[in-house]
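2 protein chains.
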Amino acid sequence: MNFHKEPDLLYFDLLDLELILNCNHEDCHGFYPTETVFETDIIMNFENLEEDFPIDKIYLNNASVSIMPSSSINNMKDFLLTYDKIGPDSTESEQFIKELWIKTRKTISELIKCKSDEIVLTQSTTDGINIVANGLKFETDSNVVIRGKNHEHHANYFPWLRLAKKIDLRNLQIDQNGSFSITNLHKLVNEKTKLVALSHGLYNTGQILPVGEIGEFLKTKNIPYFLDTAQTVGCMGDFDFPKTNCDFMAFNGSKWLCGPMGTGVFYCKRNSSDLLDPIGIGGESAIQHDDDLVFMDLPEKFQTGFRNYVGLVGMESSIRYLLDIGLVNIRNHIIKLSNVFRDEISKIPGVTIFGPDDESCRTSIISFEIKDLKPEYVVKRLEEKEIIIAKREILEKQVLRISPHLFNSELQIMKTVEELKKL
Amino acid sequence: MNFHKEPDLLYFDLLDLELILNCNHEDCHGFYPTETVFETDIIMNFENLEEDFPIDKIYLNNASVSIMPSSSINNMKDFLLTYDKIGPDSTESEQFIKELWIKTRKTISELIKCKSDEIVLTQSTTDGINIVANGLKFETDSNVVIRGKNHEHHANYFPWLRLAKKIDLRNLQIDQNGSFSITNLHKLVNEKTKLVALSHGLYNTGQILPVGEIGEFLKTKNIPYFLDTAQTVGCMGDFDFPKTNCDFMAFNGSKWLCGPMGTGVFYCKRNSSDLLDPIGIGGESAIQHDDDLVFMDLPEKFQTGFRNYVGLVGMESSIRYLLDIGLVNIRNHIIKLSNVFRDEISKIPGVTIFGPDDESCRTSIISFEIKDLKPEYVVKRLEEKEIIIAKREILEKQVLRISPHLFNSELQIMKTVEELKKL
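Quick note, the sequences are listed as chains A and B, same order.
Those letters in the first sequence? Residues 1 to 423, per the numbering used here, in order.
Those letters in the second sequence? Residues 424 to 846, per the numbering used here, in order.
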């Protein structure tokens, strides 16, 4: 199924639903295109996507690493062959790589709705977080505000914890889902606050934090704001990330974006670039003026040493694939799957579900536990049935986690529930 | 031509040379295996290698970015498919990735002759240099000794130049090829010297520095020693890098190692790890102890955020390809090619050659200029003839540079010379 060539085949009207279900015309892939639709009305036939993803198992661990569409893998190989064929460092390849950069930045800026030069390519979310943690200028009485300590993913906790030796690290107390009261935030920040660092979506409970509301408040106080968006970019629908007023943001290409491992993005708001000194420096990030160095402008300032072109190709291809399907469609599909899963497992005796009930406050992540069954045992037993789910932690508690993505189906969810019931 | 399956086909005795040249037996690929050979006696039939490298042009810019063997590109695609097929984050893939790490470390340790846990995977040479420049602990009266300032590659100059604001940056005066007198080094270092940072092979003149002799001296003084080996690993024959007594070393996978762009290695001597604090920190590089962080041991300590598995596959495959052919064979082949080029262009009126005459003191890089012809003009004209060479600089002087690698042939060198004569 190639969405790039026949985009209008993706769209059909809600009113045509019955017609569609009865339509067996091969060219229509089982659904019926119409001429005018609004994005919120678009519905996809997600069943057909399974063909595009090279896995026969039921893979429900996309919040960790997702599967790449076959087309992205093919594009990566084609890139490597072409790059070598034209001569990797030649005048011809210079143009070839320049076009790759432009295309990649254009696609990412469409994804998160930022300016093209605000995108710094990295190898991971971790890299982006470290650019901020190491790049800020602190005084001894500075403070940084974080959330929940060990409730947070280590990648977005350790770099701040390390700072605790030289500055005041302030922690927002959390509720059972990992959220916190804005009043508490108001109390913790002051004129010495150099940063508030949060995750947009939580890796363990699936809670989405009200990052827009927080951003509004921090803007009035002129306090820099960092968001780890690894768990939201690609699965949040039509979300305007810079509208949160965040100054910095980090995510990677291998979770919800279905790109290759080892790719990531650091977003730096154009006007916030001066808040950070770059950690790494090299031939691409600075120029020499007499015996002094002058940093280049964004994005080169923070991007020295990056050369993973084949990774860019994979990430760009996968993002384009998602954008062609429509981020709203994906969000609707996966939240539906997680709701089905939630409803079904709530009927199993001994199951406790974590995270918010309200679907608008969570990603497709569902965390749960089964009384008297150790999570590693459940993961192992399901893997024997070719179903992949994850074991994670909510503070000290070990839990099970599913995180369905676009290529998963309701049938797969029901099979998973059936296997859980048998344990 | 598959060297992995028939390694003994690579070997034949010097004495059999005439026999070989007359042998047309298909299985022998035109040469004759013998049972016992010494590495220095091994000769390869390099002509056949052209098939393994997907380029039709004459590519002589390998000191910048080399070409990948087709087998490495295929292995990368196979990896991506398999990784997705088994489920990227699953119990099965854990084992799969573990084996990839072991294999990659084994191959790299065979290449540079170090211990497996002394290898930190990075995305570039630049990354490795920045790990050292940002990781060392300085006092205000500390000094660092470098060589030649702008004669050095920016990647191995800018990170040290940046330090000049807080420490004493000392510069070794150089001769016309970029080398320096050991006596001068003796004078520059003292008990406040925190590091001597050098390049092993110079990107512009091809000069190989006497890094072993320098290392012997620095060892007696207990002065830490960093080497940028981007221009020597893979093209220096059977060189024992840790025998130089260097503490740290950085190189990448995309120059002489024929691996993908965006891959690199930072070598850290096991006992020198304590000299550096890691810049980046994340879930893989530290553990939490109460409210404090404890760094992991080598190599994890410096490797947080690295996840470019497909890059590892490409780099490992390419290094294995080179090792199977034999690093001594490669060195002999490419130095022969560069000697032919040197001899031939020296006959062209108006050509000036830079770099040492003695072949044992240089890599296969040959830099030169042609009177009254601008380097960019020459590069452009040759590219029109499908010959790729580079423009580089020796201090303020713009020069031309060729850097033949294993897949290049004497015929290609002669064609290049012919085209240069026509200009």
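C-beta atoms are modelled at their ideal positions from N, C-alpha and C, and glycine is treated no differently.
Beta strand (DSSP E) segments (min. 3 residues) lying fully within the region 204-245 of chain A: 225-228
task = Would you mind sorting N645(B) into buried or exposed? The rule is 16 or more other CB atoms within 10 Å of its CB.
result = Against the second sequence, residue 645(B) aligns to sequence position 222. Classification of N645(B): exposed, given that the 10 Å Cβ count is below 16.
- prompt: So, helix, strand or coil for D175(A), using DSSP?
  reply: Position 175 of the first sequence, counted from the start, is the residue given in the question as residue 175(A). Three-state result, D175(A): coil.
Residues of chain B with a CB under 8 Å from the CB of L337(A): which are they? Within the first sequence, numbered from 1, the residue matching residue 337(A) stands at position 337. In chain order: nothing, as chain B lies at least about 17 Å away.
Spatial neighbours of T363(A) in its chain, beta-carbon cut-off 7 Å, leaving aside the 5 residues before and after
Within the first sequence, the letter at position 363 stands for residue 363(A). Closer than 7 Å at the Cβ level, and outside the excluded window around T363(A), lie G201, G206, I208, Q231, T232, C235.
Is it right to say K678(B) is buried, meaning 16 or more other beta carbons lie within 10 angstroms of its own, or is it exposed?
Along the second sequence, read from residue 1 onward, the residue named residue 678(B) stands at position 255. The residue is buried, with at least 16 neighbouring Cβ atoms inside 10 Å.
Rounded to a whole number of angstroms, what is the C-alpha to C-alpha distance between D450(B) and N731(B)? One-based indexing of the second sequence puts residue 450(B) at position 27. One-based indexing of the second sequence puts residue 731(B) at position 308. With a pLDDT of only 30 at D450(B), under the threshold of 50, the placement of this residue in the model should not be trusted; the figure read from the coordinates follows. Roughly 38 Å between the two C-alpha positions.
ask   = Does any C-beta atom of chain B lie closer than 8 Å to the C-beta of E383(A)?
value = One-based indexing of the first sequence puts residue 383(A) at position 383. So yes, E383(A) belongs to the interface.
Requested in this report: Report the rounded CA-to-CA distance for N74(A) versus G737(B), giving the unit in angstroms.
Outcome: The sequence position of residue 74(A) within the first sequence is 74, counting from 1. The sequence position of residue 737(B) within the second sequence is 314, counting from 1. If I take the Cα positions, the gap works out to 15 Å.
Exercise. Secondary structure at Q123(A), three-state DSSP: helix, strand or coil?
Worked result: Taking the first residue of the first sequence as position 1, residue 123(A) is located at position 123. In this structure, Q123(A) counts as coil in the three-state DSSP scheme.
According to the Cβ coordinates, are I590(B) and F640(B) closer than 8 Å? Reading the second sequence from its first residue, position 167 is the one you call residue 590(B). Reading the second sequence from its first residue, position 217 is the one you call residue 640(B). No, they are not a contact pair.
| task | Can you tell me which of the three DSSP states T839(B) falls into? | result | Looking up residue 839(B) in the second sequence gives position 416. It is helical.
Practice problem: Examine chain A for any beta-carbon lying closer than 8 Å to the beta-carbon of R585(B), and answer yes or no. | Solution: Numbered from its first residue, the second sequence carries residue 585(B) at position 162. Taking Cβ atoms only, chain A reaches closer than 8 Å to R585(B), which makes this a yes.
Practice problem: Can you tell me which of the three DSSP states P456(B) falls into? | Solution: Locating residue 456(B) in the second sequence gives position 33, counting from the first residue. Caution is warranted here: a pLDDT of 29 is assigned to P456(B), below 50, making its placement in the model unreliable, and no coordinate value can be reported.
**Prompt:** Hey, how far is the Cα of I825(B) from the Cα of S495(B)?
**Reply:** Sequence index remark: in the second sequence, residue 825(B) carries index 402 (1-based). Sequence index remark: in the second sequence, residue 495(B) carries index 72 (1-based). For I825(B) and S495(B), the distance between alpha carbons rounds to 24 Å.
(message) Beta-carbon within less than 8 Å of I710(B)'s beta-carbon, same chain only, minus the 5 sequence neighbours each way: which residues are those?
(response) Translated into the one-based positions of the second sequence, residue 710(B) becomes position 287. Here the set comprises L716, V717, M719.
Using a C-beta to C-beta distance shorter than 8 Å, which residues of chain B count as neighbours of F306(A)? Walking along the first sequence from the start, residue 306(A) turns up at place 306. Going along chain B in sequence order, the residues near F306(A) (Cβ under 8 Å) are Q546, S547, G685.
Check your understanding: Distance, Cα to Cα, G635(B) vs G703(B)?
Key -> Position 212 of the second sequence, counting from 1, holds the residue named residue 635(B). Position 280 of the second sequence, counting from 1, holds the residue named residue 703(B). If you take the alpha carbons of G635(B) and G703(B), they lie about 31 Å apart.
Please list the partners that M315(A) has in chain B, where partner means a Cβ-to-Cβ separation under 8 Å. Here residue 315(A) refers to the residue found at position 315 when the first sequence is read from its first residue. Neighbours of M315(A) on chain B: none; closest Cβ ~12 Å, over 8 Å.
**Cβ-based contacts, 9 Å cut-off: residues of the region 64-75 of chain A near chain B** = S64, V65, S66, I67, M68, S70, S72, I73, N74
| message | Any heavy atom of the ligand SAH inside 7 Å of the beta-carbon of E533(B)? | response | For the structure depicted, the ligand SAH is absent and the ligand set is empty, with no information on it obtainable.
Using only the alpha-carbon positions, how far apart do R743(B) and I836(B) sit? Stepping through the second sequence from its first residue, residue 743(B) is reached at position 320. Stepping through the second sequence from its first residue, residue 836(B) is reached at position 413. If I take the Cα positions, the gap works out to 26 Å.
* chain B residues whose Cβ lies nearer than 9 Å to that of V310(A) -> Stepping through the first sequence from its first residue, residue 310(A) is reached at position 310. In chain order: M499, P683, M684, G685, V733, G734, G737.
Beta-carbon of N484(B) versus every beta-carbon of chain A: anything under 8 Å? Residue 484(B) sits at position 61 when you count from the first residue of the second sequence. So yes, N484(B) belongs to the interface.
- DSSP state of L433(B) mapped onto helix, strand, coil: Taking the second sequence and counting its residues from 1, one reaches residue 433(B) at position 10. Low local confidence applies: a pLDDT of 35 at L433(B) is under 50, so the model's placement there is unreliable, with the coordinate-based value given in what follows. Looking at L433(B) - three-state DSSP - the assignment turns out to be helix.
Subject >> Nearest to D661(B) (by Cα), restricted to the options L586(B), V751(B), G510(B) >> reply: Position 238 of the second sequence holds residue 661(B). Among L586(B), V751(B), G510(B), the Cα nearest to that of D661(B) belongs to V751(B).
Going along the chain, which residues of its own chain have a beta-carbon closer than 6 Å to the beta-carbon of L680(B), five neighbours each way excluded? Counted from its first residue, the second sequence places residue 680(B) at position 257. Taken in chain order, the residues that qualify are G657, S741, I742.
Q. If you run the structure through DSSP and keep just helix, strand and coil, what is C268(A)?
A. Start at 1 with the first residue of the first sequence, and residue 268(A) comes out as number 268. Here C268(A) sits in strand by DSSP.
* Asked: When Cβ atoms are compared, which residues of the region 506-517 of chain B fall closer than 9 Å to chain A?
  -> Y506, D507, K508, I509, G510, P511, D512, S513, T514, E515, S516
key: Burial state of H576(B), where buried means 16 or more other Cβ atoms lie within 10 Å   = The residue you call residue 576(B) lines up with position 153 of the second sequence. H576(B) comes out buried.
| query | Which residue's Cα is closest to the Cα of E614(B): T514(B), K642(B), D700(B), S622(B)? | reply | For this step, residue 614(B) is matched to residue 191 along the second sequence. For E614(B), the nearest C-alpha among the options comes from K642(B).
Do you know offhand how far D127(A)'s Cα is from G728(B)'s?
Reading the first sequence from its first residue, position 127 is the one you call residue 127(A). Reading the second sequence from its first residue, position 305 is the one you call residue 728(B). Straight-line Cα distance between these residues: approximately 6 Å.
*asked:* Buried or exposed for S346(A), going by 16 or more other Cβ atoms inside 10 Å?
replied: Counting from 1 along the first sequence, the entry for residue 346(A) is found at position 346. By the neighbour-count rule (16 or more Cβ atoms within 10 Å), S346(A) is not buried but exposed.
Cutting at 6 Å between CB atoms, please list the residues of its own chain near K794(B), excluding the five before and the five after it. Mapped onto the second sequence, residue 794(B) falls at position 371. So the qualifying residues of the chain are G773.
Does any CB atom of chain B fall closer than 8 Å to the CB of P159(A)? Here the question's residue 159(A) lines up with position 159 in the first sequence. Chain B, which has a Cβ nearer than 8 Å to the Cβ of P159(A), makes this yes.
Original post:
Of the residues E799(B), D697(B), V840(B), E842(B), which one's Cα is nearest the Cα of Q821(B)?
Top reply: Counted from its first residue, the second sequence places residue 821(B) at position 398. For the residues E799(B), D697(B), V840(B), E842(B), the minimum Cα distance to Q821(B) belongs to E799(B).
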